[in-house]
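K.L.:
Under the working numbering, the first residue of the sequence shown is numbered 2, with each subsequent residue one higher.
For reference, the structure I am asking about is given below.
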Amino acid sequence: MMKKKSIPASKPFLILFLCQIISALDVPLDSKLLEELSQPPTITHQSPKDYIVDPRENIVIQCEAKGKPPPSFSWTRNGTHFDIDKDAQVTMKPNSGTLVINIMNGGKAEAYEGVYQCTARNERGAAISNNIVIRPSRSPLWTKEKLEPHHVREGDSLVLHCRPPVGLPPPIIFWMDNAFQRLPQSERVSQGLNGDLYFSNVQPEDTREDYICYARFNHTQTIQQKQPISVKVFSTKPVTERQPVLLTPTGSTSTKVELRGNVLLLECIAAGLPTPVIRWIKEGGELPSNRTFFENFKKTLKIIDVSEADSGNYKCIARNTLGSVHHVISVTVKAAPYWITAPRNLVLSPGEDGTLICRANGNPKPSISWLANGVPIAIAPEDPSRKVDGDTIIFSHVQERSSAVYQCNASNEYGYLLANAFVNVLAEPPRILTPANKLYQVIADSPALLDCAYFGSPKPEIEWFKGVKGSILRGNEYVFHDNGTLEIPVAQKDSTGTYTCVARNELGKIQNEVHLEIKDPTMIIKQPEYKVVQRYGQVSFECIIKHDSTLLPTVIWLKDNDELPDDERFLVGKDNLTIMNVTDKDDGTYTCIVNTTLDSVSASAVLTVVAAPPTPAIIYARPNPPFDLELTGQLERSIELSWIPGDENNSPITHFVIEYEDGLHEPGVWHYQTEVPGTQTTVQLKLSPYVNYSFRVVAVNKIGRSQPSEPSEQYLTKSASPDENPANVQGIGSEPDNLVITWESLKGFQSNGPGLQYKVSWRQKDVDDEWTSVIVANVSKYIVSGTPTFVPYEIKVQALNDLGYAPEPSEVIGHSGEDLPMVAPGNVQVHVINSTLAKVHWDPVPLKTVRGHLQGYKVYYWKVQSLSRRSRRHVEKKILTFRGNKTFGMLPGLEPYSSYKLNVRVVNGKGEGPASPDKVFKTPEGVPSSPSYLKITNPTLDSLTLEWGSPTHPNGVLTSYILKFQPINNTHELGPLVEIRIPANESSLILKNLNYSTRYKFYFNAQTSVGSGSQITEEAVTIMDEAGILHPAVVAGKAMASRQVDIATQGWFIGLMCAVALLILILLIVCFIRRNKGGKYPVKEKEDAHADPEIQPMKEDDGTFGEYSDAEDHKPLKKGSRTPSDRTVKKEDSDDSLVDYGEGVNGQFNEDGSFIGQYSGKKEKEPAEGNESSEAPSPVNAMNSFV
């Protein structure tokens, strides 16, 4: 009985189908076969249905198709024929239906908007593409609008509308500031799906003038910017908290329609203070866990790949501490058409039957319509073999003329589906696709599968024969598969032979032969066995195999189903695995796997590692010395040494060290020769001539070195000429007229024979001279006299002995002795950079006059005198060395306003050359040092006497002294600063008209025409009355009040302070009333009414403090001054100007324009040494600080 069954996909031949479909007639995807078979057109590539193009680039509308014969292409536009030959801007690619519309050379994309459809046609039918809607992308500009600033009360909600221009496709919206930084978003502030920016409640930090909405049109890579929006948040105390209110969507319910497969986005944004938190639920159901995402701080619910099951009511709940609000969105999921069963291509034989099925679903249910070769089937040419039954076309008794391409269109209000499926009626004689005489090799007792891939139309019948004249195969021992494969379920040795496959139909017959060989199976006849081994022992697993002689096996060992460890202890032999020095980690399962090209077998065994039984304590020690040294194989330059190792003493020998003694040159001295591994007991040693060798061996283990072995017998090598020449040959002169040649002598064993000498040769370089040579012995130096000064020489030293010379030595370059340079550098120039730094230049000396190795130049310089004192001092010369062939250098650390001299000398290895003529230069003035002292004496009620010493280093001609002073009150605050300029020839000054019992701080410094020097400070106190003269308390450094009468306890002072406090209180009440009324703040009137007494100039009748200077570079430490000291106001300082009354942005205006910010005077520069105290605030300043 013949059996038939379908072959699994894993069997040798895989049946593929034409255009990846299953049809009535299976067509193997054989490239040669497909080239020969006729086939209707099939669309392989087309542009998307909704095709948005860049209006700046050429429009490419794709349409590719295949068929046999190759199809031709045509297009329709807006339902009518599109004649591309009449439009010079439109071309079609060769062997393709793809259109290229040339926009870049004058065409306009808008002119080619429309609906395009491609038709691919050959003699067997016509396939059509989808309707391709071409639309150019648009990125219009923002409409001009006047944006008013948003004035919002703190805690209120706010929505900033973006309203971007309508583009194609719609733009991506984002908000940034003027610096192109994204505006931060949070639960309180976030962007909605429509692009608007929502504030659940505004805070003062939201005030800014650069809220800018940007629209990015990705298709054209352009970004449009909306005009900046200004938001100003004003505060009211207290801020009222509010329960949530939805900003979007409005009302309590809304609806949403989404299409199946799309992304559903639902949004809820709420206002409220505190900021509400959003929660989402689905009424009567759960949110799909694997498709639900929350975005925009949970204000947006996102469900991907929606289906009809996602329809329902979705509720968002906004909640804060004051309450909650909710909104229900009713979601309906509709569906554009989608395939249930798309029509598939049919390949039929003449007279066969078949069906095309087109089933689609959608919401609403789509309608199905058929076309034949692109024409509605109702008006297409009739075919008696064809019958349309709704979504199915039934074909009966087809003929070759029935071949055609059918289109199924499934459409509803949300879209359409279009599918091409051809009916191809073929009449073909049988063909066998399996290669002829193919050889199959199978292991005995395994299934054998013999292929016979075929094609024909009508479908051929397949028969198998064994042998050339064998009978047809039948019976239960064979299985015949539908694809032509013959299966022998259990192949035996007698199954070997030639098999013939015959394919026949009404159009012809063809046959093919294949061959089958049956191989013996691979077997493991000696399998590895379970082993137990002690730790540090050795174990071996066997794996002996038997295999077919024509197959080449490979053996692999695994440990625990993984590769063997990369360890030299694992030794893999032909039939075994050996593990040396077993450890606990070697425990496991070991598997032997044998592979051939046809089969694979394996066997496993377990290894168990156990601890060794207790043994006596092992004593580890250094090894015993080797013994019985023997020399064999004596040659002129080599010999073989062998020995017997001593006892290891429980620690394996790691290596042997071989040493030698030269009894001829260094008797009793042993030298290292070489070393070998501990497993080696012989070594081939290299020898040198003319050495009387004896050898000894030292064994080494982890504990240490053994004692040396007894020396071997002596072996004297024959003499030979030297192999090498002396090393480190040099030529350096010690005197101007000699050359000292030195070298390293050869060691005894390097001499290679008796009579070691050295041939020393030299000649002047770059001169056509012969070599001069001398032979010396027992020295390593030779002096050549009478040489010119510092000239190069070529030098070589060659070794020789009684048997001959060493190889020719290499030459080295030396120099005869150096002498002092002959000439001084010329053209020495000095360029003074500043009062302490100068740059010196010189011309280099000719190299011939250096008479040695040029090491550099030395600059000697010294101060002659100070130009301010005209007094000479001890001359201390300074030296700067500049290495190499430099021709300039910097002279730092000079003293200002001084006269200097310098000279330059060249330096070689012998010493310095003559000095250049002394060059005189002068440094300019600098700023002076601080005065040497400042004393304050003779205090009276209203005067102090100051005495000082001139600066130690005036650094120029003093022009004047600058004295600054200011009072210090009992709170350590500094009062107005007064500056006095004093002639340079003065050394004392009496200050009059001072306040009694007052501490003053003095700043004193000197000046030259360059500027002011550093200052010194002192403090002093005028006396309280004439009765008790108080000596001034002088303190250097930080201003601090010393012990004195506490003015705060005086009655007149207490009364004055009470009056000032009352005045301040009245002013504060007046300001508060006027501010609440929103009136203007009369800055000018206030300034006139409350002029600061501290900025009044000194009256003539009050006396003066000497020459008064208010230089801009030395302004006092006051912070409240608002007018110049002469009480004049510059013309540009308008009465209404607020520039001088505020710093930075402290000044602000009310909504009615009134000035409400603090105003104060501009900061002035502090004294040179700075001060931590500041001017005591006047009543006006105090009032300003409270407004």
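Ideal Cβ placement from N, Cα and C applies to all residues, glycine included.
Keep in mind the model is a prediction, meaning the values are calculated, not measured.
Looking at the strands, I want to know which residues DSSP matches up with H672.
P.N.:
Stepping through the sequence shown from its first residue, residue 672 is reached at position 671. Beta-bridge pairing links H672 to Y661.
K.L.:
Tell me the rounded alpha-carbon separation between N971 and Y1001.
P.N.:
Counted from its first residue, the sequence shown places residue 971 at position 970. Counted from its first residue, the sequence shown places residue 1001 at position 1000. Distance between the alpha carbons of N971 and Y1001: 11 Å.
K.L.:
Rounding to the nearest angstrom, what Cα-Cα distance links K859 and L838 in this structure?
P.N.:
As a position in the sequence shown, residue 859 is number 858, starting the count at 1. As a position in the sequence shown, residue 838 is number 837, starting the count at 1. Roughly 17 Å between the two C-alpha positions.
K.L.:
Which residues in the same chain have their Cβ closer than 7 Å to the Cβ of K748, if we skip the five residues on either side of it in sequence?
P.N.:
By one-based count along the sequence shown, residue 748 stands at place 747. Excluding residues within five positions, none has a Cβ falling inside 7 Å.
K.L.:
With respect to the alpha helix (DSSP H) encompassing I208, which residues constitute its N-terminal and C-terminal limits?
P.N.:
As a first step, residue 208 is located in the sequence shown; it is residue number 207 there, counting from the start. It should be pointed out that residue 208 corresponds to Thr in this sequence rather than to Ile. Unbroken run through T208: none, as it is neither H nor E.
K.L.:
Helix, strand or coil: which one does DSSP assign to W1053?
P.N.:
Position 1052 of the sequence shown, counting from 1, holds the residue named residue 1053. W1053: helix per DSSP, three-state reduction.
K.L.:
With 16 other CB atoms within 10 Å as the buried threshold, where does N994 fall?
P.N.:
Translated into positions along the sequence shown, residue 994 becomes position 993. Flag for N994 reads exposed.
K.L.:
Roughly how far, in whole angstroms, is the beta-carbon of N1006 from the beta-carbon of G1014, given that I think they are within contact range, below 8 Å?
P.N.:
On the sequence shown, residue 1006 is found 1005 positions in, with the first residue counted as 1. On the sequence shown, residue 1014 is found 1013 positions in, with the first residue counted as 1. N1006 to G1014, Cβ: 5 Å. Contact.
K.L.:
Of all the options W744, T486, I640, which has the alpha carbon lying nearest to the alpha carbon of L450?
P.N.:
On the sequence shown, position 449 is the one that residue 450 refers to. The shortest Cα separation from L450 among W744, T486, I640 belongs to T486.
K.L.:
Output the boundary residues of the beta strand (DSSP E) element that contains L184.
P.N.:
Here residue 184 is taken as the residue at index 183 of the sequence shown, counted from 1. Premise fails: L184 is in no beta strand (DSSP E) and is neither H nor E.
K.L.:
Spell out the partners DSSP gives A1060 in its beta bridges.
P.N.:
Position 1059 of the sequence shown, counted from the first residue, corresponds to residue 1060. A1060 pairs with nothing; no bridge assigned.
K.L.:
Cα-Cα, which of S989, Q967, I991, N986 is closest to E980?
P.N.:
If you number the sequence shown from 1, residue 980 lands on position 979. Closest by alpha carbon: Q967.
K.L.:
In chain order, what residues of the same chain have a beta carbon less than 8 Å from the beta carbon of R1, not counting five sequence neighbours either side?
P.N.:
Outside the displayed span of the chain (2 to 1188) sits residue 1, for which this structure offers no information.
K.L.:
So, helix, strand or coil for V602, using DSSP?
P.N.:
For the purposes of this step, residue 602 is identified with residue 601 of the sequence shown, where counting begins at 1. In the structure shown, V602 sits in a strand (DSSP, three-state: E or B).
K.L.:
Are three or more beta carbon pairs between the stretch 775–790 and the stretch 700–720 nearer than 8 Å?
P.N.:
Counting Cβ pairs under 8 Å, fewer than three are found: no touch.
K.L.:
Given P1125, which residues of its chain have a CB within under 7 Å of its CB, disregarding the five upstream and five downstream residues?
P.N.:
Walking along the sequence shown from the start, residue 1125 turns up at place 1124. Reliability of the predicted coordinates at P1125 is poor, the pLDDT of 38 falling under 50, and the value obtained from them is presented with this limitation in mind. If we look at P1125 and ignore the five residues flanking it on each side, it has no Cβ neighbours.
K.L.:
Taking 7 Å as the line, does the beta carbon of D521 fall inside it for any heavy atom of the ligand GDP?
P.N.:
For the ligand GDP, the structure offers nothing, since it holds no ligand at all.
K.L.:
Going by CA-CA distance only, name the one from E114, R320, H672 that's closest to I62.
P.N.:
Taking the sequence shown and counting its residues from 1, one reaches residue 62 at position 61. For I62, the nearest C-alpha among the options comes from E114.
K.L.:
Using alpha carbons as the reference points, say which of V540, Q535, W558 lies closest to A613.
P.N.:
Taking the first residue of the sequence shown as 1, we reach residue 613 at position 612. Comparing Cα-Cα distances from A613 to each of V540, Q535, W558, the minimum goes to Q535.
K.L.:
Using the Cα positions of Y806 and E637, report the straight-line distance between them to the nearest angstrom.
P.N.:
Translated into the one-based positions of the sequence shown, residue 806 becomes position 805. Translated into the one-based positions of the sequence shown, residue 637 becomes position 636. Those two C-alpha atoms are separated by around 19 Å.
K.L.:
Short check: CB of A336 to CB of N291, under 8 Å?
P.N.:
Stepping through the sequence shown from its first residue, residue 336 is reached at position 335. Stepping through the sequence shown from its first residue, residue 291 is reached at position 290. Against a cut-off of 8 Å, the Cβ pair of N291 and A336 comes out as no contact.
K.L.:
Apart from the five residues on each side of it in sequence, which residues of its chain come closer than 6 Å, Cβ to Cβ, to T718?
P.N.:
Here residue 718 is taken as the residue at index 717 of the sequence shown, counted from 1. Within the same chain, T718 has close Cβ partners L688, P690, V692.
K.L.:
Identify, in the order they occur along the chain, each residue of the same chain with its Cβ nearer than 6 Å to the Cβ of I23, setting aside the five sequence neighbours on each side.
P.N.:
The residue given as residue 23 occupies position 22 in the sequence shown. A caution first: I23 carries a pLDDT of 35, below 50, which makes its placement in the model too unreliable to give a value.
K.L.:
What residue from K316, S412, G815, D844 has the CA that sits closest to S735's CA?
P.N.:
The count along the sequence shown starts at 1 and reaches residue 735 at position 734. Among K316, S412, G815, D844, the Cα nearest to that of S735 is on G815.
K.L.:
Over the uninterrupted beta strand (DSSP E) stretch that includes K335, give me the two end residues.
P.N.:
By one-based count along the sequence shown, residue 335 stands at place 334. It spans 324–342 - the beta strand (DSSP E) in which K335 sits, taken as one unbroken run.
K.L.:
To the nearest whole angstrom, what separates the beta carbons of W325 and F218, a pair I think is in contact under 8 Å?
P.N.:
On the sequence shown, position 324 is the one that residue 325 refers to. On the sequence shown, position 217 is the one that residue 218 refers to. It should be noted that the sequence gives Ser, not Trp, for residue 325. Going by Cβ atoms, the distance from S325 to F218 rounds to 40 Å, so no, they are not a contact pair.
K.L.:
Identify, in the order they occur along the chain, each residue of the same chain with its Cβ nearer than 6 Å to the Cβ of H516, setting aside the five sequence neighbours on each side.
P.N.:
If you number the sequence shown from 1, residue 516 lands on position 515. Taken in chain order, the residues that qualify are L440, T499.
K.L.:
Which two residues bound the contiguous alpha helix (DSSP H) that contains V851?
P.N.:
Here residue 851 refers to the residue found at position 850 when the sequence shown is read from its first residue. Counting along the chain, the alpha helix (DSSP H) containing V851 begins and ends at 848–851.
K.L.:
When we look at the beta-carbon of Q1016 and count the other beta-carbons within 10 Å, is it buried (16 or more) or exposed?
P.N.:
Your numbering for residue 1016 matches position 1015 in the sequence shown. Classification of Q1016: buried, given that the 10 Å Cβ count is 16 or more.
K.L.:
What's the gap between the Cα of R243 and the Cα of T322?
P.N.:
One-based indexing of the sequence shown puts residue 243 at position 242. One-based indexing of the sequence shown puts residue 322 at position 321. R243 and T322: Cα-Cα distance of roughly 9 Å.
K.L.:
Does R360 come out as helix, strand or coil in the three-state DSSP assignment?
P.N.:
Here residue 360 is taken as the residue at index 359 of the sequence shown, counted from 1. Here R360 sits in strand by DSSP.
K.L.:
Can you tell which of L1066, I733, D588 has the C-alpha that lies nearest to the C-alpha of Q607?
P.N.:
Along the sequence shown, one-based indexing puts residue 607 at 606. The sequence shown places Val at residue 607, not Gln. Of the listed residues, the one whose Cα sits closest to V607 is D588.
K.L.:
Mark N106 as exposed unless 16 or more other C-beta atoms lie within 10 angstroms of its C-beta, in which case mark it buried.
P.N.:
Counted from its first residue, the sequence shown places residue 106 at position 105. Classification for N106: exposed.
K.L.:
So, helix, strand or coil for F1073, using DSSP?
P.N.:
Against the sequence shown, residue 1073 aligns to sequence position 1072. Helix at F1073.
K.L.:
How many Å lie between A985 and L903 at the Cα?
P.N.:
In the sequence shown, the residue the question calls residue 985 occupies position 984. In the sequence shown, the residue the question calls residue 903 occupies position 902. Cα to Cα, A985 sits roughly 33 Å from L903.
K.L.:
Run through the DSSP bridge pairs and tell me what M93 is partnered with.
P.N.:
Taking the sequence shown and counting its residues from 1, one reaches residue 93 at position 92. BP columns for M93 point to L100.
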